[in-house]
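Some notes on the structure that comes next.
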Amino acid sequence: MAALRHKFGDEYGKMIYEYSSPYYKVESYILAYRDQSIDAGEEFWNLPLEILERVIPPPEKKTKPGRKRLKRVPTIGEVVSKKRNKCSLCKRFGHKKTSCPTRSNEVAGTSNGVVS
Numbered sequence: 001m002a003a004l005r006h007k008f009g010d011e012y013g014k015m016i017y018e019y020s021s022p023y024y025k026v027e028s029y030i031l032a033y034r035d036q037s038i039d040a041g042e043e044f045w046n047l048p049l050e051i052l053e054r055v056i057p058p059p060e061k062k063t064k065p066g067r068k069r070l071k072r073v074p075t076i077g078e079v080v081s082k083k084r085n086k087c088s089l090c091k092r093f094g095h096k097k098t099s100c101p102t103r104s105n106e107v108a109g110t111s112n113g114v115v116s
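Dropping the structure here:
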C-alpha cells in the first residue's frame, strides 16, 4: 500500500482495492457465511449401541521431570503479604542471624571470633 502511494501519489484513492486479494472484500465474507448449517441435537443422532456403551478412561497422568512445585501460585488480584526476615538473636525484623548488627559488634570485640 505504501508503494502504491509512492507510485501514484495522493491519486491512488480506490486503486488499493484493485491490488488487494478478493478474500478481503466484503462480498467474499458474505459468500463464506451465506450457507450456515444448524446442528441437530443429540436426540437425532443415530449411533450404534456398542459406541454408546463404550466407556473411555481418562488419559494416564505422567509426572513431569524435575522438582515438584510446592508453593501455590497466587491468583490474579490476590494480595500476597511479603514475609520479613526476623533475627533469631535479637528478635528484630529486617535482617537474619548472619547479618545481625549486634553479632558483628560482638565478633569484632573478640580476638579469635568466638563469643564467650
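Per full-length UniProt numbering, residue 1 is the first one in the sequence shown, and the count goes up by one each step. For each residue, glycine too, the CB sits at the ideal point set by N, CA and C.
Within the region 52-80, no run of alpha helix (DSSP H) reaches 4 residues while sitting entirely inside it.
Check the Cα spacing between Tyr19 and each of Lys64, Gly94 and Ala2: the tightest is with Ala2. For Phe8, the enclosing alpha helix (DSSP H) starts and ends at Ala2 to Phe8. For the 8 Å CB-CB criterion, Gly94 and Arg103 do not form a contact. When DSSP states are grouped into helix, strand and coil, Lys97 belongs to the helix group.
According to the DSSP assignment, Ala40 belongs to no alpha helix (DSSP H), since it is labelled neither H nor E. Between the alpha carbons of Glu60 and Ser81 lies a distance of about 37 Å. The straight-line gap separating the alpha-carbon atoms of Asn105 and Lys62 is approximately 54 Å. In terms of Cβ geometry, Lys96 and Cys90 do not form a close pair [threshold 8 Å].
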